[in-house]
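Worksheet for the structure shown next.
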Amino acid sequence: MQDLQDELHLTYLFITHDLSVVKHFATDILVMYLGQMVEMAPSKTLFENPMHPYTQALLSAIPVPDPDFKMERIAMKGELTSPINPEPGCRFAKRCPYVSQVCTSREMVLIEMEPGHFVSCQMVQNP
Ligand code: SF4
293 MQDLQDELHL TYLFITHDLS VVKHFATDIL VMYLGQMVEM APSKTLFENP
343 MHPYTQALLS AIPVPDPDFK MERIAMKGEL TSPINPEPGC RFAKRCPYVS
393 QVCTSREMVL IEMEPGHFVS CQMVQNP
């Protein structure tokens with residue numbers, strides 16, 4: 293795919309649940325949760341400094357092929373928000389360990405937290 297991209301000057305929109313696949317492939321990554329954009333950044337930035345709790349959980353689940361490497365996996369608990377009739381506010385709220393009343397009282401929007409790095413999370417936006 294990368295050869296084709298170079299040869300034909302293509303732009304790919306690549307959708308996956310496995311962030312490790314896109315780490316060396318994508319220039320920019322948009323993370324979505326139940327149809328909501330939660331984080332967007334250049335690939336390197338996202339892997340070095342994930343800010344949204346869902347992105348952090350996704351990255352912690354990537355297997356590392358080193359038996360001596362101890363990575364603390366962030367388990368996502370709680371029930372899923374209905375994708376058919378989602379409740380207002382952050383759709384990750386029912387599974388987020390940092391949820392507060394603000395999270396479900398207003399719609400979250402992506403805000404640029406550092407150059408080119410956008411996050412949709414009240415905890416990140418209002419520390
Ligand atoms: S907005 Fe609230 S519930 Fe959603 S990810 Fe941020 S802290 Fe968690």
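Residues in the sequence shown are numbered from 293 upward in steps of one, following this note's numbering.
We put the CB at the ideal spot given by N, CA and C, even for glycine.
Note that the coordinates shown come from a computational prediction; the quantities given were computed from them, not determined experimentally.
Burial state of residue i (16 or more Cβ within 10 Å)
i: glutamine 414; result: buried
i: proline 342; result: buried
i: threonine 347; result: buried
i: leucine 350; result: buried
i: leucine 311; result: buried
i: alanine 333; result: buried
Proximity winner among the options, relative to residue i (alpha-carbon distances)
i: proline 375; options: Lys386, Lys336, Lys369; result: Lys386
i: alanine 353; options: Asp360, Pro345, Arg365; result: Arg365
i: alanine 318; options: Leu300, Glu299, Met324, Leu338; result: Leu338
i: asparagine 418; options: Gly408, Val394, Pro407; result: Val394
i: histidine 316; options: Tyr304, Pro389, Lys336; result: Lys336
i: leucine 305; options: Pro357, Pro389, Asp320; result: Asp320
i: glycine 370; options: Leu300, Arg398, Gly408, Pro389; result: Pro389
Expected contact under 8 Å - CB spacing of residue i and residue j to nearest Å
i: arginine 383; j: leucine 322; result: Arginine 383 to leucine 322, Cβ: 15 Å. No contact.
Sequence-distant residues of the same chain with beta carbon closer than 7 Å to residue i, five excluded per side
i: glutamate 379; result: Thr373, Thr396
i: leucine 302; result: Leu296
i: threonine 308; result: Val314
i: arginine 398; result: Gly381
Cut-off 8 Å between Cβ atoms - residues of its own chain near residue i, not counting five sequence neighbours on either side
i: serine 412; result: Gln328, Met329, Val330, Glu331, His344, Cys382, Met400, Val401, Leu402, Ile403
i: histidine 416; result: Note that residue 416 is valine in the sequence shown, not histidine. Counting only Cβ-Cβ distances below 8 Å, and skipping sequence neighbours, we find Met343, His344, Met405.
i: serine 392; result: Gln414, Met415
Any chain C beta carbon closer than 8 Å to residue i
i: isoleucine 354; result: The structure shown contains no chain C; it is built from a single protein chain.
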